[in-house]
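Just so we're aligned, residue 413 is where the first sequence starts under the working numbering, counting upward by one.
Presented below is the structure to which this report refers.
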Amino acid sequence: MPELPEVETTRRGISPHIEGRKVDRVIVRQPRLRWPVADDLPARLIGQTVLSVGRRAKYLLLNTEAGTLIIHLGMSGSLRIVDETANVAAHDHIDICLDSGLRLRYRDPRRFGALLWTSQEPLQHSLLKHLGPEPLSAEFDGDYLYQQAVNRSVSIKQFIMDGRVVVGVGNIYANEALFSAGIHPRRSAGRIGLVRYQRLAVMIKKILLEAIRVGGTSLRDFVNSDGNPGYFSQSLQVYGRAGGNCIKCQAKLREIRLGQRSTVYCSNCQH
DNA sequence: TTAATCACCTGAGGGC
DNA sequence: TGCCCTCAGGTGATTA
């Protein structure tokens, strides 16, 4: 389940293979994704050279002279570099064939992802222009979070998972960051002080950086562009450990649902 | 404007 | 073994 570290790991994995390469062919086996793949997408891509591979939030941006291919991996999507002899497995929905003979293969069992073309400045696309800052940018810190939280009654966990506040913090890392910062996930965002927000911002950055360093978190479906799993799951302190003991105080970890999401916390360490 | 809920989708896992 | 049900989760759309 790709969150920001998984998307960044994917970006770093595919970039060396596709930057500077021309698209020869596009094979669409299943156009029904979150939004249907446009009929004219292959025609727009063929003949274009991939100038760079960027990322904004959990969106990958394949930039060409004519426009940008925006890719979202949804819940279960992955991108892999394969050669033309590689077998096509179930849920391998799209191949972007390059002049090197390699292919960028999009696989997505649950089809929550998307491939969209835009000819405009990609950051002005309706999906991207209202997004909050990148969590690893200088713009994102405790002061920023504190200002954004004024008069907000929503729970802190839903608050930091809101892409208009900060992008890329999904359920796994929200659980982990709140545990590390000692903040109860149900606490109202507007009732947390500046000092605690400063600690939370530091923890979000630290956890995301560590997850990127080890190649993301592998739970069920995620593999990186080489087809290998990430290793951050071995570092998870609360997520997926409900009923187990807190690593700090040995109390039993509790599980609740917030915003329809599984939320695990220690009632002794988080207030 | 904010908060809550729904919808999309398939595979894994548990219960019978 | 096979069937059925629940759960997992990102995010835009809809509703209150």
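Ideal placement from N, C-alpha and C gives every residue a C-beta, glycine not left out.
A quick note: this is a predicted structure, and the numbers were derived from the prediction, not measured.
Three-state secondary structure assigned by DSSP to residue i
| i | result |
| --- | --- |
| TYR677 | strand |
| ARG446 | coil |
| LYS617 | helix |
| PHE634 | Any reading at PHE634 needs caution, since the residue's pLDDT is 45, under 50, leaving its predicted position unreliable; the model's value is listed next. Three-state result, PHE634: coil. |
| VAL462 | coil |
| ASN583 | helix |
| CYS509 | strand |
| LEU473 | strand |
| VAL607 | helix |
| VAL438 | strand |
| THR421 | helix |
| ARG467 | strand |
| ILE426 | helix |
| GLU415 | coil |
| ILE595 | coil |
| ARG492 | strand |
| ARG433 | coil |
| LEU481 | strand |
Length of the line joining the Cα atoms of residue i and residue j
| i | j | result |
| --- | --- | --- |
| VAL440 | ILE426 | 19 Å |
| VAL449 | LEU528 | 7 Å |
| ARG632 | GLU415 | Reliability fails at ARG632, whose pLDDT of 43 lies under 50, so the model's placement of it is uncertain and the value that follows must be treated cautiously. For ARG632 and GLU415, the distance between alpha carbons rounds to 13 Å. |
| ARG433 | GLU496 | 15 Å |
| GLY652 | GLN560 | 29 Å |
| PRO443 | ALA501 | 16 Å |
| VAL438 | LEU457 | 8 Å |
| ILE668 | SER674 | 6 Å |
| SER512 | LYS660 | 51 Å |
| ALA550 | GLY575 | 17 Å |
| GLN672 | LYS569 | 12 Å |
| ALA469 | VAL581 | 9 Å |
| ARG492 | GLN460 | 20 Å |
| TYR585 | GLU622 | 11 Å |
| ALA478 | GLN532 | 9 Å |
| GLY627 | GLU546 | 19 Å |
| TYR609 | ASN680 | 19 Å |
| TYR558 | CYS658 | 28 Å |
| LEU606 | THR476 | 43 Å |
| HIS537 | PHE552 | 22 Å |
| GLY489 | LYS618 | 25 Å |
| THR530 | ALA663 | 51 Å |
| LEU548 | TYR556 | 13 Å |
Close Cβ partners of residue i (< 7 Å) along its chain, the five nearest in sequence each way excluded
| i | result |
| --- | --- |
| GLY420 | Looking at the sequence shown, residue 420 is not Gly but Glu. The residues are ARG467 and ILE624. |
| HIS596 | TYR677, GLN682 and HIS683 |
| GLY544 | GLY575, ARG576, VAL577, VAL578 and VAL579 |
| PRO534 | LEU473, THR480, ILE482 and LEU540 |
| ILE604 | ALA561, ILE568 and ILE595 |
| LEU429 | The amino acid at residue 429 is misidentified as Leu; the sequence shows His. If we look at HIS429 and ignore the five residues flanking it on each side, its Cβ neighbours are ILE493 and LEU514. |
8 Å Cβ shell around residue i - same chain, five flanking residues per side excluded
| i | result |
| --- | --- |
| ASN499 | none |
| ARG564 | PHE571, SER600, ALA601 and GLY602 |
| LEU526 | For the record, residue 526 in the displayed sequence is Ala; it is not Leu. Correct list, in chain order: LEU445, ARG446, TRP447, ILE482, ILE483, HIS484 and GLY486. |
| GLU431 | VAL462, LEU463, SER464 and VAL465 |
Whether residue i touches residue j by CB criterion (8 Å)
| i | j | result |
| --- | --- | --- |
| LEU445 | HIS505 | yes |
| ARG515 | GLY486 | no |
| LEU670 | GLY655 | no |
| LEU481 | ARG423 | no |
| VAL650 | ASN583 | no |
| LEU510 | ASP452 | no |
| PRO417 | LEU620 | yes |
| ALA593 | MET573 | no |
| GLY554 | LEU612 | yes |
| ARG598 | SER647 | no |
| HIS542 | ASP520 | no |
Close-in-space but distant-in-sequence residues of the same chain around residue i (CB under 6 Å, 5 per side omitted)
| i | result |
| --- | --- |
| ASP507 | ILE439, ARG515 and ARG517 |
| GLN524 | Note on identity: in this sequence residue 524 is Phe, with Gln being the wrong assignment. Excluding positions up to five away in sequence, the list reads ARG446, GLY486 and MET487. |
Start-end ranges of the alpha helix (DSSP H) lying completely within the segment 517-580, minimum 4 residues:
With a minimum length of 4 residues, the continuous alpha helix (DSSP H) runs that stay inside the segment 517-580 are 554-560 and 568-572.
Length at least 3, wholly inside the segment 647-674: the beta strand (DSSP E) runs in chain order
As for any beta strand (DSSP E) of minimum length 3 sitting wholly inside the segment 647-674, the runs are 666-670, ordered along the chain.
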